[in-house]
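K.L.:
Here you go, one structure.
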DNA sequence: GATAATAGTAAACCGCTTTAATTAAGTCTT
DNA sequence: AAGACTTAATTAAAGCGGTTTACTATTATC
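Chains as they are written, first to last, in the working numbering: chain A, 191 to 607; chain B, 191 to 607.
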């Protein structure tokens, strides 16, 4: 382990094994500059970097030229003067790499390619019938993503990361889908492995789709500025996602927020719980449909709209069906509010997509129970929320990785020369 | 804002405004060494610091002498040889400062003084009848703390921080007790301000006592190693504390975990909720007592023991009272498990202090509902848990503050000389 | 057009850490 | 018991990187 004192003299300016901790300082500063640069929506100057980072002008100058050389930052020439020498404008090169998002759904899957800001470049919807084998579906999705990138002239080798969302219990550590209630074939599927293989080795991350929807809403939707909030998804299944201090809370077994299994009262506990007594079976879409006898006569897609219309018109049966459902969802929501105390609850999923009045019911129930002034709003991004979350996570992770690789490659690139 | 170039020549070796960012590097390393030193339970050598911090020998040497000079680290002379020159032993000086903890209770208040490891030096219990004015009580507590320190020969000026726990809603930002269900006089009490004044200016932090109990259990009790877990407190009131990744989760209005207000089913929602329909009124100590007609005849302290004994003996009334209570607590616990997905639940409070069998009931209910294998155990520290949490928080915060002050005072202290 | 303000670069300096060499004080082997 | 080897800690020299200071370039303002 001892270094051989007789080893070859280190060449002047050699990068390897340079003073480790002075280099660490430089790495920190590269990170600082890059963070500022990436978060700026538009162009910026060296002077602005000095202001924002607190570093001195020569340091910022040196780091800027280094980062321009690597291509992460682009030089845009001189800008308008503000009463003196004209500044040279720079911009974070959001196309220094690309990311993709995949929102796997029970019948349709949404794809998108985006730049490093997360801004979508192209998107597409492919049909993914749940009868097909997961491996086949993932192959189909990968092929669609490739053709999408081709059409958008995004180079394959530029794809840095793909984030995929799946409904159900996702083990983000192993990248597997443990089980998905509405996708019976998706049990213990190594989604990350299969996708990564089908994509020729591109890194893949897998996450629960409700979690991604919440991140999407927090980024560009109804939850902007709410750093501790929750998303309550009600469709055929019921689930919640929880954001705490801007971080997803997933729980010890990746089961945090799986409120479909919540017990709604002592009277339900002796039933065969899980098939009859839990929230999902009492207040999911199927349960609501069962409360509305006319549903069977209508088409499978439009019954909810009809039910809501009937309730609005004053039909007592419809009103009761909606009221009972909203009451249960409201209690569950209030329980989340009581335990987590978020500043906002976002309601989403098919139950709320067309059913505006339901939101009001739920809000009223929450307000009558909870002791905190928690806002209850409906999703702003709707079906696009999980995909937006995919792109956000992908862009953020890719940027983090980029910063790390630039830090460790902190060369000596002396100014000019 | 521009520095005057003609300003007086800076004296050689002046600390102020030295090269800012090289000094920052030193500050980081001081922090690193101190963190290692503080976390070592016993003595350590320079060689061990080199190993643990990854820094070079000269750096560790320089930092060690500096820290010994300041007194945070003590030199213990040479230790036993391990086949070469004998190392010089050092030790974190846990008495470089002191902290105190105060666990305010409805009838009794626990006090303790501890060193910077959080190890108690002396403790005491003072009676604090809830009829008295908060300001008076706090004065009494402060006086008791002073006399306790006096007896233990702890210098007053060495007291760095006091952490106090209170039952009820505590605003840790402002250091106020918004309200405490069992302490009617404690509404909007500026506890931090009053205590700090009564103690002559010593910094004070205030925190909810259930939160502190959870931290105590995580530190030295039943929750050791469980970085995401919860404490469910059941006494006259009911409340929960939530730990997520070793950090307390307090919520947006400091109301996270206030499950006393949890709604236990749709049938309760139309009652005047809060006084009849919520968990606390259905399953708190008072509710259990009401379910047991014989309670009135017994003494106010021992009825719970008698009730449990009767239930154990097979008394059907007693069994039903216990069963109904445990079922409700179990559902609430399961709701917490569902939402948070912790690895462990700790049950504490008067309800479980003498009532071992109740824990089994609750565990069974949780297991029948929750879909995750979450352990349910009883508190290991009992009534001492909040005080332990006080001392932990106080010691940790004091150490953090100490590290910061030593970092910013990173002098030039050249070795020897 | 002189002046002041803004933007950026070059050179000197300085603190901190590292590597390398040295001192110190033992244990182990033959 | 003498020499060889280990382990611990200090001293010396060298280099890296950031800041300060000084200087150049460019342009709006008076």
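In this text, a Cβ means the ideal position worked out from N, Cα and C, and glycines have one as well. As the structure is a prediction and not an experimental result, all values here were calculated from the model.
Of all the options A:218, A:352 and A:240, which has the alpha carbon lying nearest to the alpha carbon of residue 581 (chain A)?
P.N.:
Counting from one through the first chain, the residue named residue 581 (chain A) turns up at place 391. That would be A:352, whose Cα lies nearest to the Cα of residue 581 (chain A).
K.L.:
Give me the DSSP bridge partner(s) of residue 538 (chain A).
P.N.:
For this step, residue 538 (chain A) is matched to residue 348 along the first chain. Answer is A:423, bridged to residue 538 (chain A).
K.L.:
Looking only at its chain, what residues have a beta carbon closer than 7 Å to the beta carbon of residue 570 (chain A), apart from the 5 residues adjacent to it on each side?
P.N.:
In the first chain, counting from the first residue as 1, residue 570 (chain A) sits at position 380. Result list for residue 570 (chain A): 407, 411 and 412, in chain order.
K.L.:
So for residue 606 (chain B), helix, strand or coil by DSSP?
P.N.:
Your numbering for residue 606 (chain B) matches position 416 in the second chain. Here the model assigns residue 606 (chain B) a pLDDT of 26, short of 50, so the residue's position is not dependable and the matter cannot be decided.
K.L.:
DSSP three-state label for residue 548 (chain A), please.
P.N.:
Along the first chain, read from residue 1 onward, the residue named residue 548 (chain A) stands at position 358. Correct three-state label for residue 548 (chain A): helix.
K.L.:
Using a 10 Å radius around the Cβ and a threshold of 16 neighbouring Cβ atoms, would you call residue 254 (chain A) buried or exposed?
P.N.:
Here residue 254 (chain A) is taken as the residue at index 64 of the first chain, counted from 1. Residue 254 (chain A) should be labelled buried.
K.L.:
Does the structure place the segment 491–499 of chain A close enough to the segment 364–383 of chain A that three or more beta carbon pairs sit under 8 Å?
P.N.:
no
K.L.:
Please work out which residues of its chain come closer than 6 Å, Cβ to Cβ, to residue 376 (chain A), disregarding the five sequence neighbours upstream and downstream, and give them in chain order.
P.N.:
Working through the first chain from its first residue, we reach residue 376 (chain A) at position 186. Cβ within range, chain order: 324, 367 and 370.
K.L.:
Starting from the C-beta of residue 414 (chain A), find all residues in its chain whose C-beta is less than 7 Å away, skip the five residues before and the five after it, and write them out in chain order.
P.N.:
Locating residue 414 (chain A) in the first chain gives position 224, where the first residue counts as 1. 408, listed in sequence order.
K.L.:
CB-CB under 7 Å to residue 334 (chain B), same chain, minus the five flanking residues each way: which ones, in chain order?
P.N.:
Here the question's residue 334 (chain B) lines up with position 144 in the second chain. Cβ within range, chain order: 301, 314 and 316.
K.L.:
Roughly how many whole angstroms lie between the Cα atoms of residue 251 (chain B) and residue 433 (chain B)?
P.N.:
Within the second chain, the letter at position 61 stands for residue 251 (chain B). Within the second chain, the letter at position 243 stands for residue 433 (chain B). Going from the Cα of residue 251 (chain B) to the Cα of residue 433 (chain B) covers about 38 Å.
K.L.:
DSSP state of residue 429 (chain B), grouped into three classes?
P.N.:
Here residue 429 (chain B) is taken as the residue at index 239 of the second chain, counted from 1. Looking at residue 429 (chain B) - three-state DSSP - the assignment turns out to be strand.
K.L.:
Counting along the chain, where does the alpha helix (DSSP H) carrying residue 586 (chain B) start and finish?
P.N.:
Position 396 of the second chain, counting from 1, holds the residue named residue 586 (chain B). Start and end: 575–598.
K.L.:
Taking the DSSP output, what are the residues bridged to residue 234 (chain A)?
P.N.:
Numbered from its first residue, the first chain carries residue 234 (chain A) at position 44. Looking at the DSSP assignment, residue 234 (chain A) forms a beta bridge with A:280.
K.L.:
Near residue 544 (chain B), what residues of its chain come up, given a Cβ to Cβ distance below 8 Å and the 5 sequence neighbours on each side ignored?
P.N.:
Taking the second chain and counting its residues from 1, the one referred to as residue 544 (chain B) is at position 354. Excluding positions up to five away in sequence, the list reads 494, 495 and 498.
K.L.:
Shortest alpha-carbon distance to residue 574 (chain B) belongs to which of B:509, B:439, B:585 and B:355?
P.N.:
Within the second chain, residue 574 (chain B) is the residue found at index 384, counting from 1. Comparing Cα-Cα distances from residue 574 (chain B) to each of B:509, B:439, B:585 and B:355, the minimum goes to B:355.
K.L.:
So what's residue 354 (chain A) in DSSP terms, helix, strand or just coil?
P.N.:
On the first chain, position 164 is the one that residue 354 (chain A) refers to. Residue 354 (chain A): strand per DSSP, three-state reduction.
K.L.:
Under a CB-based cut-off of 8 Å, is residue 428 (chain A) close to chain B?
P.N.:
Here residue 428 (chain A) refers to the residue found at position 238 when the first chain is read from its first residue. So, not an interface residue.
K.L.:
Give the secondary structure of residue 270 (chain A) by DSSP, where H, G and I count as helix, E and B as strand, and everything else as coil.
P.N.:
Here residue 270 (chain A) corresponds to residue number 80 of the first chain, with the count starting at 1. The answer is coil: DSSP assigns residue 270 (chain A) none of H, G, I, E or B.
K.L.:
Mind pulling the chain B residues with CB within less than 9 Å of residue 370 (chain A)?
P.N.:
As a first step, residue 370 (chain A) is located in the first chain; it is residue number 180 there, counting from the start. None at all; the shortest Cβ gap to chain B is about 14 Å.
K.L.:
Residue 237 (chain A) CB to nearest chain B CB: under 8 Å?
P.N.:
Translated into positions along the first chain, residue 237 (chain A) becomes position 47. No, because no Cβ of chain B sits closer than 8 Å to the Cβ of residue 237 (chain A).
K.L.:
Does at least one heavy atom of the ligand ZN sit under 7 Å from the Cβ of residue 492 (chain A)?
P.N.:
Although the ligand ZN was asked about, the structure shown includes no ligands whatsoever.
K.L.:
What in chain B is Cβ-close to residue 434 (chain A), meaning under 7 Å?
P.N.:
Here the question's residue 434 (chain A) lines up with position 244 in the first chain. Proximity of chain B to residue 434 (chain A) at the Cβ level (cut-off 7 Å) is accounted for by 434 and 439, in chain order.
K.L.:
Please list the terminal residues of the continuous alpha helix (DSSP H) segment that includes residue 337 (chain A).
P.N.:
For the purposes of this step, residue 337 (chain A) is taken as residue 147 along the first chain, with counting starting at 1. DSSP places residue 337 (chain A) in the uninterrupted alpha helix (DSSP H) bounded by 324–341.
K.L.:
What is the residue span of the alpha helix (DSSP H) that residue 300 (chain B) lies within?
P.N.:
Numbered from its first residue, the second chain carries residue 300 (chain B) at position 110. Not the alpha helix (DSSP H): residue 300 (chain B) falls in the beta strand (DSSP E), residues 298–304.
K.L.:
CB-CB under 7 Å to residue 226 (chain A), same chain, minus the five flanking residues each way: which ones, in chain order?
P.N.:
Looking up residue 226 (chain A) in the first chain gives position 36. 239, 242 and 243, listed in sequence order.
K.L.:
Looking only at its chain, what residues have a beta carbon closer than 7 Å to the beta carbon of residue 588 (chain B), apart from the 5 residues adjacent to it on each side?
P.N.:
Numbered from 1 along the second chain, position 398 holds the residue referred to as residue 588 (chain B). For residue 588 (chain B), where only same-chain residues beyond five positions count, the Cβ hits under 7 Å are 287, 289, 306, 350 and 351.
K.L.:
Taking Cβ positions, are residue 281 (chain B) and residue 235 (chain B) nearer each other than 8 Å?
P.N.:
Start at 1 with the first residue of the second chain, and residue 281 (chain B) comes out as number 91. Start at 1 with the first residue of the second chain, and residue 235 (chain B) comes out as number 45. No, Cβ-Cβ distance for residue 281 (chain B) and residue 235 (chain B) is not below 8 Å.
K.L.:
Along the segment 524–541 of chain A, what residues have a CB closer than 7 Å to any CB found in chain B?
P.N.:
524, 525, 526, 528, 529, 530, 531, 532 and 533
K.L.:
Apart from the five residues on each side of it in sequence, which residues of its chain come closer than 7 Å, Cβ to Cβ, to residue 454 (chain B)?
P.N.:
Position 264 of the second chain, counting from 1, holds the residue named residue 454 (chain B). Within the same chain, Cβ atoms closer than 7 Å to the Cβ of residue 454 (chain B) are found at 469, 472, 518 and 521, the five residues on either side in sequence being excluded.
K.L.:
Using CA atoms only, rank isn't needed, just tell me which of A:363, A:258, A:346 and A:560 is closest to residue 534 (chain A).
P.N.:
On the first chain, position 344 is the one that residue 534 (chain A) refers to. If we check each option's Cα against that of residue 534 (chain A), A:560 comes out closest.
K.L.:
For residue 431 (chain A), which residues from the same chain have a beta carbon less than 6 Å from its beta carbon, with the 5 sequence-adjacent residues on both sides left out?
P.N.:
As a position in the first chain, residue 431 (chain A) is number 241, starting the count at 1. Correct list, in chain order: 400, 401, 404, 421 and 447.
K.L.:
Quick one: what's got a C-beta closer than 7 Å to residue 548 (chain A)'s C-beta in the same chain, skipping five residues either side?
P.N.:
In the first chain, residue 548 (chain A) corresponds to position 358, counting from 1. Only 512, 516, 541 and 542 meet the Cβ criterion.
K.L.:
DSSP on residue 395 (chain A), reduced to helix/strand/coil?
P.N.:
Taking the first residue of the first chain as position 1, residue 395 (chain A) is located at position 205. The answer is strand: DSSP assigns residue 395 (chain A) an E or B state.
K.L.:
Taking beta-carbon pairs under 8 Å, can you tell me which members of the segment 403–426 of chain A lie near chain B?
P.N.:
418
K.L.:
Alpha carbon to alpha carbon, how far is residue 425 (chain A) from residue 379 (chain A)? Give it in angstroms, no decimals.
P.N.:
Locating residue 379 (chain A) in the first chain gives position 189, counting from the first residue. Locating residue 425 (chain A) in the first chain gives position 235, counting from the first residue. Straight across, the Cα-Cα distance linking residue 379 (chain A) with residue 425 (chain A) is about 23 Å.
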